[in-house]
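Position 151 (the sequence shown) corresponds to 154 in our numbering; numbering is contiguous. Just so it is clear, CB atoms sit at the ideal spot from N, CA and C, and this is done for glycine as well.
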Amino acid sequence: MTEETKAWHVEECDVDYPGQRFLMLQEEVLCDIQSEFQNIKVFKHKKFNTVLALDGCVQVTTYDEFLYQEMLTYLPLCSVSEPKKVLVVGGGDGGIVRELLKDSRVEEIILVEIDKKVMEVCKKHIPSMGQYLDYKKVKVIVGDAKEYIKTCDDKFDVVILDVTDYAISDSDEENQLLGKDFYSQLKQIMNDGGVISYQAFSPYQNNDLLKTEIENMRAGAGMICYGYVPVPSFPNGMIGILFGRITKEIDKTYKRLDIPVFKISPKKAKDMGLRCYYDRYHESSCTLPLEFCSWFEEN
Ligand code: SAM
Numbered sequence: 004m005t006e007e008t009k010a011w012h013v014e015e016c017d018v019d020y021p022g023q024r025f026l027m028l029q030e031e032v033l034c035d036i037q038s039e040f041q042n043i044k045v046f047k048h049k050k051f052n053t054v055l056a057l058d059g060c061v062q063v064t065t066y067d068e069f070l071y072q073e074m075l076t077y078l079p080l081c082s083v084s085e086p087k088k089v090l091v092v093g094g095g096d097g098g099i100v101r102e103l104l105k106d107s108r109v110e111e112i113i114l115v116e117i118d119k120k121v122m123e124v125c126k127k128h129i130p131s132m133g134q135y136l137d138y139k140k141v142k143v144i145v146g147d148a149k150e151y152i153k154t155c156d157d158k159f160d161v162v163i164l165d166v167t168d169y170a171i172s173d174s175d176e177e178n179q180l181l182g183k184d185f186y187s188q189l190k191q192i193m194n195d196g197g198v199i200s201y202q203a204f205s206p207y208q209n210n211d212l213l214k215t216e217i218e219n220m221r222a223g224a225g226m227i228c229y230g231y232v233p234v235p236s237f238p239n240g241m242i243g244i245l246f247g248r249i250t251k252e253i254d255k256t257y258k259r260l261d262i263p264v265f266k267i268s269p270k271k272a273k274d275m276g277l278r279c280y281y282d283r284y285h286e287s288s289c290t291l292p293l294e295f296c297s298w299f300e301e302n
């Protein structure tokens, strides 16, 4: 490849990463299509191996996706003792579903993904995630999760939002999954004491947005926690995960969920096929730099 023929994947976002640009050299583009909802691109990279980008933003790479998927899944899963029924919102790459299938406490998984093309592309080009969408315990619904949550009569023990950034932080309220009624709707579809998680920036990415997310979750859920994990392929090299316990009466003591109620020892984690999550890492991932501790101080 000469300098002229090098094809770079370029990622920039003025809201989340002002004045920054993240580049990956594409060895080969396996797929580059426009679906009804977004551009879907899969390419090969020397270090990160197979990379999925949606609307220009890297979502997962097969080199390091386990870090994100395991933590987004097991922080909430190990905060409840019986996560029998789990809802995955988005997650069309299949990675979160793969992680859920490793935990024998999980009996039923419903995944609501708006874009069926994402699932088709991942089954074909990233089977290490996509294949799990076809497992028996998994029911896939193609549709907008905003509508599903409003109308569903199921009750879940854990809800995991694995959605693109805009669904969390879009400035247009209409496009936001986490709109102002989100937590009251969530209460309708969750068993009392169930836990929700979603990816929420890194501590050094966009503090204003993160603080708003924390306040919203605190008002809606009561007991909350925030952990973060290094993910080398993500801009800034890390991602935060916000998770909270949904109770009928909001617990105003703001106790944190940083100690898992279900413990997975390092040995058990290895036996389950995990590469990142185990009980002590749950606690340490929720230990924040000093200057952020006040966000979670108990009253
Ligand atoms: N790991 C990712 C990241 O870094 O942001 C996210 C994974 S990606 C598979 C997220 C998926 O959420 C996309 O496939 C997108 O189509 C889906 N999605 C976005 N908004 C949605 C909505 N309202 N309902 C259902 N799925 C949605």
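Bridge-paired residues (DSSP) for residue i
| i | result |
| --- | --- |
| G93 | D165 |
| P233 | M241 |
Close beta carbons around residue i, own chain, < 6 Å, minus the five adjacent residues each side
| i | result |
| --- | --- |
| D67 | V234, P235 and S236 |
| K126 | G133 |
| P79 | V161, V198, S200 and F246 |
| K251 | D195 |
| S38 | D118 and K120 |
C-alpha distance - residue i paired with residue j, whole-angstrom precision
| i | j | result |
| --- | --- | --- |
| E6 | N210 | 37 Å |
| I155 | E294 | What sits at residue 155 in the sequence shown is Cys, not Ile. The straight-line gap from Cα to Cα measures roughly 40 Å. |
| G182 | K153 | 12 Å |
| C279 | A272 | 8 Å |
| K87 | Q202 | 22 Å |
| F311 | E73 | Since the first and last residues shown for the chain are 4 and 302, residue 311 lies out of range. |
| M4 | G223 | 52 Å |
| C289 | D19 | 22 Å |
| S131 | I99 | 12 Å |
| C16 | D58 | 11 Å |
| S107 | G22 | 45 Å |
| L164 | N52 | 25 Å |
| K47 | V13 | 14 Å |
| C296 | V54 | 34 Å |
| W298 | K214 | 8 Å |
| R101 | G243 | 20 Å |
Cβ-heavy atom distance, residue i to ligand 1, below 7 Å
| i | result |
| --- | --- |
| T76 | no |
| V143 | no |
| V18 | no |
| G94 | yes |
| D35 | no |
| D67 | no |
| Q134 | no |
| D168 | yes |
| A148 | yes |
| I253 | no |
| L57 | yes |
| F40 | yes |
| V115 | yes |
| L180 | yes |
| D165 | yes |
Near ligand 3: residue i beta-carbon under 7 Å from a heavy atom
| i | result |
| --- | --- |
| L70 | Ligand 3 is absent from the structure shown, which contains only ligand 1. |
Cβ-based neighbour list, residue i, same chain, cut-off 7 Å, excluding 5 preceding and 5 following
| i | result |
| --- | --- |
| K266 | D282 |
| V56 | A small fix is needed here, since residue 56 is Ala in this sequence, not Val. Here the set comprises H12, K44 and Q62. |
Close-in-space but distant-in-sequence residues of the same chain around residue i (CB under 8 Å, 5 per side omitted)
| i | result |
| --- | --- |
| A10 | L28, Q29 and V32 |
| E111 | K87, K88, V89, K140 and K142 |
| D157 | K88, L90, I113 and I192 |
Original post:
Could you give the uninterrupted runs of the beta strand (DSSP E) lying entirely in the segment 51-84, keeping only those of 3 residues or more?
Top reply: Counting whole runs of 3 or more residues, the segment 51-84 contains the beta strand (DSSP E) stretches 52-57 and 60-64.
Worksheet item: Enumerated in chain order, which unbroken segments of the alpha helix (DSSP H) with a length of 4 residues or greater are wholly contained in the segment 184-216?
Response: Entirely contained in the segment 184-216, the alpha helix (DSSP H) runs reaching 4 residues are, in chain order, 185-192.
Complete beta strand (DSSP E) runs within the segment 88-132 (minimum length 3 residues, chain order): 88-93 and 111-116
- Task: Could you name each continuous beta strand (DSSP E) segment of 3 residues or more that falls completely within the segment 10-46, going from the start of the chain to the end?
- Result: 10-14, 25-29 and 31-37
Note down, one range per segment and in chain order, each beta strand (DSSP E) of at least 3 residues found wholly within the segment 129-159. 141-145
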